[in-house]
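Engineer: Right, I'll just put the structure down here and ask away after.
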Amino acid sequence: MASKRSFVFSSSSPPEWPVYYPIDDAECLDDYCEGGYHPVEIDDVLYERYRIVNKLGFGGWSTVWLAHDSIKERYVALKVGIARPIPNEIKVLRALEMAGGYHDKIPRLLDEFRVNGPNGSHPCYVTEPAMCSVRYLYYLDAFPLDVARAMAYELVQLVSFVHSRGFVHGEQFREEFGEPIKEPVERFDGKPPPIGVPRTLVLPVSFGGKPARKFTLSDVGLLLGDFGEAFAPASSEPRLGADCHIPAGSLPPDAHLQPDVPLSFSSDIWSLALAIWYIFAGIPLFGSCFDCPDDVMDQMIDNLGPLPNGWWEKWEKRTEYYNDDGTKKGRYVDSGLDKRFEKAQDLRRKRNIGEAGPEETVVFFDLMRRMLKYEPEERLTINEVLQSEWMVKWALPEHQRSLEARGEL
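As numbered in numbering that gives the first Met the number 0, residues 0 to 408 make up the sequence shown, in order.
Rendered as structure tokens:
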């Protein structure tokens with residue numbers, strides 16, 4: 000059963016009493032509103048064809064469901080978008096398919112339609128199902144070292160494919176599905192949820208309940224989904240930092256501090272670094288589901304050092320975190336990359352799932368620091384990431400072994 004968290008107000012926003020008890024590992028209930036999520040329940044039938052069986056995940060633009068197709072007699076992944084327009088997702092997926100060299104790790108569109116509900120008209124599309132999100136597996140445990148290396152390499156390959164076709168993925172970086180896990184939706188005032196809000200929230204399914212530490216190289220196989228934030232930097236419609244809607248923990252600092260500057264491929268490099276860190280270290284580097292962008296900016300400075308010249312003044316909320324002389328305002332100072340990574344190493348030792356040696360740790364940190372440069376033009380390109388020492392010496396060999404284990408080599 001998922002736990003309910005006590006609500007914590009951010010220091011950088013005015014207190015606002017919440018309506019619902021928050022539920023861990025699920026989408027924000029406040030987003031079930033006009034223009035937001037569509038309320039979906041287990042056994043609902045959409046488009047007179049797709050019966051909802053379980054939940055695969057959620058994002059800022061949609062919820063994703065395992066559904067049974069009554070016509071084709073197969074299971075599919077059904078994404079139900081928010082009622083506000085999803086800028087590019089279906090357009091980008093179709094463009095990638097037509098660009099040639101289509102990658103089998105990018106979901107193919109099987110069907111698309113709209114569903115009307117109390118919160119508006121919602122775009123829906125259907126693809127082949129994946130297992131579950133990597134991040135939900137980590138709630139159960141941590142991956143063995145060889146599996147983490149192989150996953151990291153495969154993820155970089157997928158992003159490289161998207162970049163080679165002129166697109167930025169733009170999001171944060173899934174056959175057994177088990178029974179749905181439901182949590183009741185409860186308001187603080189005791190009233191029932193209004194129309195437009197589900198009576199229960201379904202938690203994203205894990206890999207049949209299999210702990211991440213039990214994964215082997217034969218289980219490795221990623222699907223790059225969630226193209227709601229994707230865009231083409233060379234198009235006539237640039238994506239400004241102010242229009243970036245990925246979660247605060249994955250938001251590049253330039254998107255926050257330079258909202259009027261167009262984003263480019265470098266924004267993906269930042270998010271990709273955080274995903275690699277998460278896969279390899281087993282803990283997120285920045286943020287939680289309750290952190291705002293300014294809280295995350297504070298954590299960035301703790302872990303990566305001072306902001307570049309000119310950026311400090313652009314951070315409007317800095318006085319809530321720092322004194323005029325640059326010292327912290329009596330707040331907890333984050334432990335830094337080294338100590339955060341050592342926590343992950345300690346978990347690996349206790350679970351006996353392998354730990355990085357001194358040489359690999361140094362090389363891995365070097366890759367992270369070159370991908371997590373504040374200035375976007377100073378970050379590595381995707382090809383430079385693929386050719387980096389850690390990728391070539393540690394991640395690539397495990398990726399090749401995973402292909403052999405899956406019979407794909």
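Note that CB positions come from ideal geometry on N, CA and C, so glycine has one too.
Given a cut-off of 8 Å on the beta-carbon distance, is the pair LEU303 and LEU371 in contact?
Structural biologist: Translated into positions along the sequence shown, residue 303 becomes position 304. Translated into positions along the sequence shown, residue 371 becomes position 372. Yes, the pair counts as a contact, with Cβ atoms nearer than the cut-off.
Engineer: Report all residues from its chain with a CB closer than 8 Å to the CB of LEU408; omit the five preceding and five following residues, and keep chain order.
Structural biologist: Within the sequence shown, residue 408 is the residue found at index 409, counting from 1. These residues qualify, in order along the chain: GLN399 and LEU402.
Engineer: Go ahead and label TRP62 buried or exposed: buried means 16 or more other beta carbons lie within 10 angstroms of its beta carbon, across all protein chains shown.
Structural biologist: On the sequence shown, position 63 is the one that residue 62 refers to. Reading off the sequence shown, one finds Thr at residue 62, where the question assumed Trp. Buried: at least 16 other Cβ atoms inside 10 Å.
Engineer: Would you say VAL75 and PRO128 are within 8 Å of each other, going by their C-beta atoms?
Structural biologist: Within the sequence shown, numbered from 1, the residue matching residue 75 stands at position 76. Within the sequence shown, numbered from 1, the residue matching residue 128 stands at position 129. Result yes, Cβ atoms of VAL75 and PRO128 sit closer than 8 Å.
Engineer: Judging by CA-CA distance, which residue of VAL114, CYS243, PRO191 and PRO183 is the nearest neighbour of GLY59?
Structural biologist: In the sequence shown, residue 59 corresponds to position 60, counting from 1. Measuring from the Cα of GLY59, the nearest candidate turns out to be CYS243.
Engineer: Does any C-beta atom of chain D lie closer than 8 Å to the C-beta of SER270?
Structural biologist: No chain D appears in this structure, which consists of one protein chain only.
Engineer: Kindly confirm or deny that the stretch 188-203 and the stretch 20-36 touch, where touching means at least three C-beta pairs closer than 8 Å.
Structural biologist: The answer is yes - the stretch 20-36 touches the stretch 188-203, with three or more Cβ pairs under 8 Å.
Engineer: Fully enclosed by the stretch 251-303, which beta strand (DSSP E) runs are 3 residues long or longer?
Structural biologist: Within the stretch 251-303, no complete beta strand (DSSP E) run reaches 3 residues.
Engineer: Are the beta-carbon atoms belonging to ARG148 and TRP393 less than 8 Å from one another?
Structural biologist: Here residue 148 refers to the residue found at position 149 when the sequence shown is read from its first residue. Here residue 393 refers to the residue found at position 394 when the sequence shown is read from its first residue. Yes, the Cβ-Cβ distance between ARG148 and TRP393 is below 8 Å.
Engineer: For GLU397, which residues in the same chain have their Cβ closer than 6 Å to its Cβ, ignoring the five residues on either side in sequence?
Structural biologist: Numbered from its first residue, the sequence shown carries residue 397 at position 398. Excluding sequence neighbours, GLU397 sits near ASP145, ARG148 and ALA149.
Engineer: Using CA atoms only, rank isn't needed, just tell me which of GLU377, ASP30, TYR49 and TYR46 is closest to ASP253.
Structural biologist: Here the question's residue 253 lines up with position 254 in the sequence shown. Per the Cα distances, GLU377.
Engineer: Just the C-alpha distance for LEU154 and LEU221, rounded to the nearest angstrom, thanks.
Structural biologist: Position 155 of the sequence shown, counted from the start, is the residue given in the question as residue 154. Position 222 of the sequence shown, counted from the start, is the residue given in the question as residue 221. The alpha-carbon atoms of LEU154 and LEU221 are separated by roughly 7 Å.
Engineer: Could you give the residue range of the alpha helix (DSSP H) that holds PHE364?
Structural biologist: Within the sequence shown, the letter at position 365 stands for residue 364. From DSSP, the alpha helix (DSSP H) with PHE364 extends over 357-370.
Engineer: How far does the alpha helix (DSSP H) with LEU340 in it extend, from its first residue to its last?
Structural biologist: The count along the sequence shown starts at 1 and reaches residue 340 at position 341. According to the sequence shown, residue 340 is Phe rather than Leu. That run of the alpha helix (DSSP H) goes 335-350.
Engineer: By DSSP, does ARG378 sit in helix, in strand, or in coil?
Structural biologist: Numbered from 1 along the sequence shown, position 379 holds the residue referred to as residue 378. In this structure, ARG378 counts as coil in the three-state DSSP scheme.
Engineer: Assuming TRP60 is part of the alpha helix (DSSP H), what are its boundary residues?
Structural biologist: One-based indexing of the sequence shown puts residue 60 at position 61. No alpha helix (DSSP H) contains TRP60, which DSSP labels as neither H nor E.
Engineer: Quick one: residues in its chain with C-beta nearer than 8 Å to the C-beta of THR126, no 5 flanking neighbours on either side, listed in chain order?
Structural biologist: Here the question's residue 126 lines up with position 127 in the sequence shown. Hits under 8 Å: VAL75, ALA76, LYS78, PRO106, ARG107, LEU108, LEU109 and GLY224.
Engineer: Nearest to PHE160 by alpha carbon, out of VAL219, PHE363 and LEU385?
Structural biologist: Position 161 of the sequence shown, counted from the start, is the residue given in the question as residue 160. Among VAL219, PHE363 and LEU385, the Cα nearest to that of PHE160 is on LEU385.
Engineer: Taking Cβ to Cβ, would you say VAL201 is nearer than 8 Å to ALA247?
Structural biologist: As a first step, residue 201 must be located in the sequence shown, where it is residue number 202. As a first step, residue 247 must be located in the sequence shown, where it is residue number 248. No, the Cβ-Cβ distance between VAL201 and ALA247 is not below 8 Å.
Engineer: On the DSSP bridge list, what partners appear for SER120?
Structural biologist: Within the sequence shown, residue 120 is the residue found at index 121, counting from 1. Note: SER120 sits in a beta bridge opposite ASN115.
Engineer: Taking only three categories from DSSP, how would you classify ALA25?
Structural biologist: Position 26 of the sequence shown, counted from the first residue, corresponds to residue 25. Coil, per DSSP.
Engineer: TYR20: which of LEU45, PHE279, PRO179 and ASP188 sits nearest, CA to CA?
Structural biologist: As a first step, residue 20 must be located in the sequence shown, where it is residue number 21. The candidate whose alpha carbon is nearest that of TYR20 is ASP188.
Engineer: Would you give the residue range spanned by the alpha helix (DSSP H) that LEU395 belongs to?
Structural biologist: If you number the sequence shown from 1, residue 395 lands on position 396. Where LEU395 is concerned, the enclosing alpha helix (DSSP H) stretches over 395-404.
Engineer: How many angstroms separate the CA atom of GLU40 from the CA atom of VAL184?
Structural biologist: Stepping through the sequence shown from its first residue, residue 40 is reached at position 41. Stepping through the sequence shown from its first residue, residue 184 is reached at position 185. Each residue's alpha carbon lies about 12 Å from the other.
Engineer: Tell me whether the beta-carbon of ALA280 lies closer than 8 Å to the beta-carbon of PHE340.
Structural biologist: Counted from its first residue, the sequence shown places residue 280 at position 281. Counted from its first residue, the sequence shown places residue 340 at position 341. Closer than 8 Å, so yes.
Engineer: Could you check where the beta strand (DSSP E) with LYS78 kicks off and where it finishes?
Structural biologist: Your numbering for residue 78 matches position 79 in the sequence shown. Looking at the DSSP string, the run of the beta strand (DSSP E) that includes LYS78 is 73-80.
Engineer: Pull the bridge partners of GLU182 from the DSSP assignment, please.
Structural biologist: Stepping through the sequence shown from its first residue, residue 182 is reached at position 183. GLU182 pairs with LEU200.
Engineer: DSSP has PHE53 in a bridge; who is on the other side?
Structural biologist: For the purposes of this step, residue 53 is taken as residue 54 along the sequence shown, with counting starting at 1. Residue 53 is actually Asn in this sequence, not Phe. Beta-bridge pairing links ASN53 to LEU65.
Engineer: Per DSSP, which one or two residues make a beta bridge with VAL125?
Structural biologist: Position 126 of the sequence shown, counted from the first residue, corresponds to residue 125. DSSP lists LEU77 and ASP110 as partners of VAL125.
Engineer: So does THR326 have its beta carbon nearer than 7 Å to some heavy atom of the ligand GTP?
Structural biologist: Annotation note on the ligand GTP: not contained in the displayed structure, which lists no ligands.
Engineer: Indicate the three-state DSSP secondary structure (helix, strand or coil) for VAL146 in the structure shown.
Structural biologist: For this step, residue 146 is matched to residue 147 along the sequence shown. DSSP places VAL146 in helix when its eight states are reduced to three.
Engineer: On the DSSP bridge list, what partners appear for VAL44?
Structural biologist: Your numbering for residue 44 matches position 45 in the sequence shown. Looking at the DSSP assignment, VAL44 forms a beta bridge with ARG50.
Engineer: Excluding five sequence neighbours on each side, which residues of the same chain lie with their C-beta closer than 6 Å to the C-beta of ILE180?
Structural biologist: For the purposes of this step, residue 180 is taken as the residue at position 181 of the sequence shown. Taken in chain order, the residues that qualify are LEU202.
Engineer: Three-state secondary structure (DSSP) at LYS328?
Structural biologist: As a working note, residue 328 is residue 329 in the sequence shown. Three-state DSSP puts LYS328 in coil, outside helix and strand.
Engineer: Taking just the CA atoms, how far does GLY116 sit from LEU346?
Structural biologist: Counting from 1 along the sequence shown, the entry for residue 346 is found at position 347. Counting from 1 along the sequence shown, the entry for residue 116 is found at position 117. If you take the alpha carbons of LEU346 and GLY116, they lie about 45 Å apart.
Engineer: State the Cα-Cα distance for the pair ILE410 and VAL361, rounded to the nearest angstrom.
Structural biologist: The requested residue 410 does not occur in the structure, where the chain is confined to residues 0 to 408.
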